[in-house]
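Numbering of the sequence shown is given in our numbering, commencing with residue 80 and proceeding in unit increments. For every residue, glycine included, the Cβ atom is placed at its ideal position computed from N, Cα and C. To keep things clear, I will list the structure first and then write my remarks on it.
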Amino acid sequence: MEGRLRQSKSKASATADESSSLKASDAVSLPVYLTNAFFFTVFFSVVYFLLLRWREKIRNSTPLHVVSLSDIGAIVTFVASFIYLVGFFGIGFVQSIIIPRAPDEEDEFEQVMVKEDSPKLPCAAAPKSDDDILKICKKIEVSADDEEIIKSVVEGKIPSYALESKLGDCRRAAAIRREALQRNTGKSLEGLPLEGLDYESILGQCCEMPVGYVQIPVGIAGPLLLDECEYSVPMATTEGCLVASTNRGCKAIYASGGATSSLYRDAMTRAPVVRFGSAKRAAELKLFLEDPLNFETLSLVFNSSSRFGRLQSIKCAVAGKNLYIRFSCSTGDAMGMNMVSKGVQNTLDFLTNQFPDMDVMGISGNYCSDKKPAAVNWIEGRGKSVVCEAVIQGDIVNKVLKTDVASLVELNMLKNLTGSAVAGALGGFNAHASNIVSAIYIATGQDPAQNIESSHCITMMEAVNDGKDLHVSVTMPCIEVGTVGGGTQLASQSACLNLLGVKGANKEAPGSNARLLATIVAGSVLAGELSLMSAIAAGQLVKSHMKYNRSNKDVANIKS
Ligand code: ADP
């Protein structure tokens, strides 16, 4: 709708532009070259005729002001054709002298791009004639068939979302949608790649209405020596310093003999909200669901929805007449949101028979709690709960991390524990766990929005071995990862999983790939925490960020 409005606006402005540059030739419905030839012929014929008549009058000594009917006709025709020719050629000629040279095609394209990208003009003031739009889109070649479809999408005759099903070709659908989008908005998507993505692989699973994909560089930190295995950790990020810093942490861990991890809980959660006529009934259901005698029946019902989803526990919270039921279940190698939701739906259907007065208000009542900071996750855990530790020798702290054990322990107490307590943090008792979590999540096809609870982490540091060495640990109760489903099956993300040796489902021991990935995330966070804390303790943070995280251009601008 908006697109169509914009288009009619742009048509109106194009009409305004046209009317302001009307030429005399437009008055005659003939091709311009014929009109011009006609007026040239008339003009020169009339001039010839008038010159002949002038010579004749001089020879006969007839006064020049004595004119016949044919003379008057010739003079009128002369004036008319003169006005036409001056109007057509003269104004353009004068303008070409006064106004600077019109830009050539390439310049014009550049100029439109600059104009389009310029933030100075408010959107409404940006010129959007059909010509401008064509100039923006001119570098893209489209077939005649596609051109028809693009026009239909622009005019709203074909809905953009229906292109894949209509064409049966996902890449072509993306190209057409992209072109229609550029025409509708008058904004160029140059720089956002179209080629290089398998559009069939995202259909119905990863992204709707695609027009391209964003490129994010992937760097490698490592080797991370964790539980006696080495891992090269892929990190997708645009934050300079991050990979280098994590790499330095890995180096310190490696030199100290490696880190050790323990996964002590593995359960995805979903919590529907149900309502009764009285608070008493809500409390009755809570007692029923939490009674160990009912667990076997409930788990039979729950587990029937999947080969991998296995109910582990049910925990309920009463709020007046409402009950929030937090189901926890293991989900194999899947992150598990779909799996747990199916099990929950089965169980709710079963409960409706037992509690016919129960109203299911929503399959998710936020007591789960997905993609939002919530104490229930921090305290109870969600996904995989992992603790990872290492002892870093004092000389490694000095040589690799450029600081000392006492400074690190003191800074950890002041920053990650006391500072976060002062700030009222919820699960944020760390330096930058979310940096490492997000980068690995994006590289390996996890849901990046789950970074919120997955980054809950408490970093502990203490001096051991008579104060010579550093014991460091990260405890992360909510690492939500999978190696099947969602974005994990896409080519580049699955290549990163492959690098870590956790690609796809583990046939021998379902769930062990996802659990291993969770420990690698925790191990990498341990490395990241060590390195950033050391940089802060040694006062290197600003210096290294100026070196790696600022472009030279920005620095130059600041200086000037
Ligand atoms: P999620 O629950 O994380 O959204 P999906 O339900 O989309 O994941 O993907 C999991 C799918 O993969 C299910 O259909 C499941 O049966 C299948 N699957 C195959 N092998 C495994 C495995 N080892 N662990 C978990 N799921 C598996």
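Query	Result
Rounded separation between Ala-528 and Val-380 - CA only	30 Å
Closer than 8 Å: Val-419 CB and nearest ligand 1 heavy atom	yes
Asn-585 Cβ short of 8 Å to ligand 1 heavy atom set	yes
Span separating the alpha-carbon of Asp-224 from that of Pro-351	49 Å
Cβ-Cβ distance between Ser-591 and Cys-557 below 9 Å	no
Simplified DSSP assignment, three categories, for Cys-536	strand
Limits of the alpha helix (DSSP H) - the one that Cys-249 falls within	249-264
Uninterrupted alpha helix (DSSP H) stretches inside the segment 352-377 (no shorter than 4 residues)	358-369
Reduced DSSP category for Ala-617 - H, G, I as helix; E, B as strand; rest coil	coil
Extent of the continuous alpha helix (DSSP H) to which Tyr-278 belongs	278-281
Contact between the segment 462-475 and the segment 584-602 (3+ Cβ pairs under 8 Å)	yes
Collapsed DSSP secondary structure at Met-288 in the structure displayed	coil
Cβ shell of Glu-587 (< 6 Å), same chain only, five flanking positions each side left out	none
Nearest-angstrom Cα separation, counted from Ser-383 out to Ser-341	30 Å
Counted within 10 angstroms of its Cβ, other Cβ atoms place Asp-436 as buried (16 or more) or exposed	exposed
Ala-315: first and last residue of the uninterrupted beta strand (DSSP E) it sits in	308-315
For Asp-548, the first and last residue of its enclosing beta strand (DSSP E)	548-558
Residue burial classification, Ala-413 (beta-carbon count within 10 angstroms, cutoff 16)	buried
Phe-406: CB within 8 Å of a non-hydrogen atom of ligand 1	no
Residue nearest to Thr-523 in terms of C-alpha spacing, selected from Leu-576, Asn-530 and Leu-246	Leu-576
Bridge partners - Gly-462, DSSP secondary structure assignment	Ala-346
Every unbroken alpha helix (DSSP H) within the segment 447-521, with a cutoff of 4 residues, ordered by chain	454-459, 473-478 and 484-490
Per DSSP, cross-strand counterpart(s) of Ile-299	Pro-313
Met-454 versus Arg-461 - alpha carbon distance	It is worth fixing the name first, because residue 454 is Ala in this sequence and not Met. Distance between the alpha carbons of Ala-454 and Arg-461: 11 Å.
Whole-angstrom distance between Asp-449 and Ala-635, CA atom to CA atom	Note that Ala-635 scores 44 on pLDDT, short of 50, meaning its location in the model is unreliable; the coordinates nonetheless yield the value given after this. Spanning the two alpha carbons is a distance of roughly 43 Å.
Gly-328 versus Leu-305, Gly-498 and Arg-344, residue with shortest Cα-Cα distance	Leu-305
8 Å contact criterion, which Glu-608 and Ala-510 should meet: CB distance rounded	5 Å
Nearest-angstrom beta carbon gap, Ser-239 and Ala-253 [assumed within contact, 8 Å]	Rounded, the Cβ-Cβ distance is 10 Å, inconsistent with contact.
Helix, strand or coil at Val-293 according to DSSP, with G and I counted as helix	coil
Heavy atom of ligand 1 within 8 Å of Arg-386 beta-carbon	yes
Three-state class that DSSP yields for Thr-339 in the structure shown	strand
Sub-9 Å separation of Ala-617 and Thr-482 beta-carbons	yes
Residues that DSSP places opposite Gly-441 in a beta bridge	Val-352
Which of helix, strand or coil DSSP assigns to Lys-102	Any reading at Lys-102 is ruled out, since the residue's pLDDT is 44, under 50, leaving its predicted position unreliable.
Closer than 8 Å: Pro-302 CB and nearest ligand 1 heavy atom	no
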